[in-house]
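Numbering (my numbering), first residue to last: 25 to 159.
Idealized CB from N, CA, C, for every residue including glycine.
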């Protein structure tokens with residue numbers, strides 16, 4: 025949150041904005057997804073569109089096992105590096121795993137499930153990547 029410009033003269037400065045911590049968390053998440061070979065990663069800025077978070081990150085894993093591994097490692101890394109406890113939903117099936125880190129929400133999908141729900145279109149960010157045909 026930005027400091028108020030209407031502060032009284034001589035008043036103590038407002039606490040520093042948390043913008044830096046949000047940027048650091050966002051960068052940490054994107055870096056970890058890249059390290060874990062998540063596919064088709066996109067980040068949707070939500071500031072001004074929604075109060076649920078500042079960023080929504082959407083990525084795919086190659087299989088349920090890959091999605092599960094990415095989610096586990098990402099949750100651990102956020103706790104270690106950012107000191108935040110995250111909420112994880114959907115891990116048992118690992119078709120669609122939601123990781124709520126507060127300021128950044130991460131959706132991890134199997135490609136077919138991502139294409140079906142097409143969150144990118146819902147947030148007016150284009151279409152989900154096409155799913156390769158299986159012969």
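Once the 5 residues before and after residue i are set aside, which same chain residues still bring their CB inside 6 Å of it?
{"i": "residue 111", "result": "124"}
{"i": "residue 133", "result": "84, 120"}
{"i": "residue 102", "result": "108, 110, 125"}
Please report how far the alpha carbon of residue i lies from the alpha carbon of residue j, in whole angstroms.
{"i": "residue 107", "j": "residue 79", "result": "18 Å"}
{"i": "residue 66", "j": "residue 118", "result": "19 Å"}
{"i": "residue 84", "j": "residue 146", "result": "17 Å"}
{"i": "residue 71", "j": "residue 87", "result": "31 Å"}
{"i": "residue 52", "j": "residue 81", "result": "12 Å"}
{"i": "residue 30", "j": "residue 46", "result": "Only weak support exists for where residue 30 lies, its pLDDT of 40 falling under 50; the value from the coordinates is given anyway. Each residue's Cα considered, the two are about 24 Å apart."}
{"i": "residue 43", "j": "residue 69", "result": "13 Å"}
{"i": "residue 25", "j": "residue 96", "result": "Any reading at residue 25 must be qualified, since the residue scores a pLDDT of 36, below 50, and its modelled position is unreliable; the value itself is stated next. One C-alpha to the other measures close to 30 Å."}
{"i": "residue 203", "j": "residue 94", "result": "Examination of residue 203 is not possible in this model, given that the chain is present from 25 through 159 alone."}
{"i": "residue 130", "j": "residue 50", "result": "10 Å"}
{"i": "residue 64", "j": "residue 90", "result": "14 Å"}
{"i": "residue 74", "j": "residue 138", "result": "21 Å"}
Using the beta-carbon count (16 or more within 10 Å), is residue i buried or exposed?
{"i": "residue 76", "result": "exposed"}
{"i": "residue 140", "result": "exposed"}
{"i": "residue 127", "result": "buried"}
{"i": "residue 55", "result": "exposed"}
{"i": "residue 48", "result": "exposed"}
{"i": "residue 27", "result": "Since pLDDT at residue 27 reaches only 38, below the 50 mark, its modelled position is unreliable, and the value read off the structure follows with that caveat. Residue 27 should be labelled exposed."}
Just confirm the distance between the C-beta atoms of residue i and residue j, as a whole number of angstroms; I'd bet it's less than 8 Å.
{"i": "residue 98", "j": "residue 143", "result": "The pair is not a contact, with the Cβ atoms about 18 Å apart (cut-off 8 Å)."}
{"i": "residue 115", "j": "residue 92", "result": "6 Å"}
Return the chain-ordered list of same chain residues with a C-beta closer than 7 Å to the C-beta of residue i, the five sequence neighbours on each side being excluded.
{"i": "residue 158", "result": "With a pLDDT of only 43 at residue 158, under 50, the local geometry of the prediction cannot be trusted, and the value read off the model is given with reservation. Around residue 158: no qualifying Cβ."}
{"i": "residue 105", "result": "52"}
Segments assigned alpha helix (DSSP H), at least 4 residues, entirely inside the region 35-99: 43-59
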